[in-house]
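Input: a single structure, listed below in structure tokens.
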Amino acid sequence: MDEIANKSDPDRDGRGSTLAGLTSTVVLTICFIYFISVSFAVPYFNFRYAKNHGFMSWVLFGEVVATAQAFKWPYYAINAKRRPTFTDAEKQKLEHYHRSCDAVRQAQRILNSGPPNQFTELKPEESDAYFSLYKIALNEAKLVDADVLAKVHPDLPTHFRDEYVASIELLNRSLADGGSFADQKRSHELWEQWVDWFNPNRSDMWMPKPPK
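Under this note's numbering, the first residue of the sequence shown carries the number 3, and numbering increases by one thereafter.
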């Protein structure tokens, strides 16, 4: 009787082997599908990075960042379904953000059109336009609603206020005072901090497109 009791149950062993085999097959299938999906995600994320940050940024280090993001595509897919919705009133408030950024871009284009690092050689009308655009950028930035920015990204209001707006305020002050070196230096530092935060987090933001 003891010998019979110690014998294993063939049916139970068979069911266990079948279950283990089925589990292994499912896991391997999921892994196979995942890596196939990554092979499609890698070129997409690299293309998007190059488009958003520029070709040279992608060449220098962007390929590593974009490829790493491709391996996390399920995370981005899930977050895409959680995109916030904005009311018409909120979209109107975000127009101040877009106008401020657009004014900064126009001012930088004027500065870049002249000799490198030689702002004093800009024509008088170009200098006036540059000053005016940064005044517009500051005025529009001060009208941006922090609560609406928080829907775009929870950390955006703080960085926007402490780095973007603060940088433009210092630059406007330095321009009005005839060019304070200390203000210009601090303005540049804050702007670099803003860019260093904004670019890596850009893919995690979702903001309605500005009206045409």
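The C-beta atom is built at its ideal place from N, Cα and C for all residues, glycine as well.
Coarse secondary structure for residue i, derived from DSSP in three states
i, result
"LYS211", "coil"
"THR160", "helix"
"VAL40", "helix"
"SER134", "helix"
"ARG204", "helix"
"VAL146", "coil"
"HIS190", "helix"
"PRO1", "One cannot answer for residue 1 here, as it falls past the ends of the chain, which runs 3 to 214."
"PRO45", "helix"
8 angstroms Cβ cutoff met for residue i and residue j
i, j, result
"ALA152", "TYR132", "no"
"VAL150", "LEU192", "no"
"ARG175", "ASP164", "no"
Segment limits, alpha helix (DSSP H) that includes residue i
i, result
"LYS95", "90 to 115"
"ARG175", "168 to 178"
For residue j and residue i, believed in contact at Cβ under 8 angstroms, the rounded distance
i, j, result
"ASP206", "HIS155", "6 angstroms"
Counted within 10 angstroms of its Cβ, other Cβ atoms place residue i as buried (16 or more) or exposed
i, result
"PHE162", "buried"
"VAL146", "buried"
"ILE6", "Its pLDDT being 44, under 50, ILE6 is placed unreliably in this model, and the value from its coordinates should be taken loosely. By the neighbour-count rule (16 or more Cβ atoms within 10 Å), ILE6 is not buried but exposed."
"VAL66", "exposed"
"GLU127", "exposed"
"ILE170", "buried"
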